[in-house]
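**Student:** Heads up, the sequence shown is in the working numbering, so the first residue is 785 and it goes up one at a time.
Think of the CB as a built atom: it goes at the ideal place given N, C-alpha and C, for glycine as much as any other residue.
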Amino acid sequence: MTAFRDFNFKLLVVEQLMYCDKTLTPAFSMREHMRARGVEDLHTYIEQNTLEHTVLDQARAYFEALQIPAGLLATVEELTFDGGLQVFMECAPVWDGEDDLFDVHSLDDLDLLPRLKLFNGAEMLELMLPDGLEILRARGIAVR
Numbered sequence: 785m786t787a788f789r790d791f792n793f794k795l796l797v798v799e800q801l802m803y804c805d806k807t808l809t810p811a812f813s814m815r816e817h818m819r820a821r822g823v824e825d826l827h828t829y830i831e832q833n834t835l836e837h838t839v840l841d842q843a844r845a846y847f848e849a850l851q852i853p854a855g856l857l858a859t860v861e862e863l864t865f866d867g868g869l870q871v872f873m874e875c876a877p878v879w880d881g882e883d884d885l886f887d888v889h890s891l892d893d894l895d896l897l898p899r900l901k902l903f904n905g906a907e908m909l910e911l912m913l914p915d916g917l918e919i920l921r922a923r924g925i926a927v928r
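1) Does DSSP put T755 in a helix, a strand or coil?
2) Would you report the Cα separation of V888 and F793, rounded to the nearest angstrom?
3) Out of curiosity, what's the CA-to-CA distance linking V797 and T786?
4) Whole-angstrom Cβ separation of L900 and L894, contact assumed at under 8 Å?
5) For N792, which three-state DSSP category applies?
6) Compute the Euclidean distance between the alpha carbons of G822 and Y846, then round it to the nearest angstrom.
7) Using a threshold of 8 Å, state whether the C-beta atoms of L920 and A876 are closer than that.
8) For V871, does the three-state DSSP call read helix, strand or coil?
9) Within 10 angstroms of its Cβ, does E799 collect 16 or more other Cβ (buried), or is it exposed?
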């Protein structure tokens with residue numbers, strides 16, 4: 785199986801495969817995950833444990849352990865960075881998008897996506913990685 789170097793980049797891939805294409809199943813739901821562990825009100829749990837500005841440990845453990853076969857990675861043609869991604873809401877359900885919690889720190893994992901053609905969210909990527917757009921364009925990946 786494939787290992788990602790940048791957790792937040794992996795989340796972008798998970799978003800595409802799990803929540804957009806629906807080819808990586810089953811879709812992870814933090815609400816269901818916590819309900820199965822006796823937490824009925826996720827927002828209250830987060831508030832009582834002052835977890836508002838963090839990736840919940842349960843989500844991090846799930847997504848870090850999640851194996852994505854190379855064949856499935858080879859189907860990814862498009863990635864999007866946007867503060868409202870479903871995968872971000874599963875990781876940090878009350879996150880407001882106003883900090884760097886999900887910033888991508890490296891594009892080293894691009895090698896895992898041989899068919900990537902388009903990266904949406906270029907403005908955000910440029911803020912996170914000053915040379916990010918240049919790296920994408922050098923690989924023939926369009927940016928929007």
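**Tutor:** In terms of the structure at hand:
1) Not covered by the structure: residue 755. The range shown for the chain is 785 to 928.
2) Position 104 of the sequence shown, counted from the first residue, corresponds to residue 888. Position 9 of the sequence shown, counted from the first residue, corresponds to residue 793. One Cα belongs to V888, the other to F793, and the distance between them is close to 6 Å.
3) Taking the first residue of the sequence shown as 1, we reach residue 797 at position 13. Taking the first residue of the sequence shown as 1, we reach residue 786 at position 2. Going by C-alpha positions, V797 is about 12 Å away from T786.
4) Locating residue 900 in the sequence shown gives position 116, where the first residue counts as 1. Locating residue 894 in the sequence shown gives position 110, where the first residue counts as 1. With 8 Å as the limit, L900 and L894 qualify as a contact, their Cβ atoms being about 7 Å apart.
5) Here residue 792 corresponds to residue number 8 of the sequence shown, with the count starting at 1. Residue state for N792 is assigned as helix, using DSSP reduced to three classes.
6) As a working mapping, residue 822 is identified with position 38 in the sequence shown. As a working mapping, residue 846 is identified with position 62 in the sequence shown. So the alpha carbons of these two residues sit roughly 18 Å apart.
7) Walking along the sequence shown from the start, residue 920 turns up at place 136. Walking along the sequence shown from the start, residue 876 turns up at place 92. The Cβ-Cβ distance between L920 and A876 does not fall below 8 Å.
8) Here residue 871 corresponds to residue number 87 of the sequence shown, with the count starting at 1. In the structure shown, V871 sits in a helix (DSSP, three-state: H, G or I).
9) Position 15 of the sequence shown holds residue 799. By the neighbour-count rule (16 or more Cβ atoms within 10 Å), E799 is buried.
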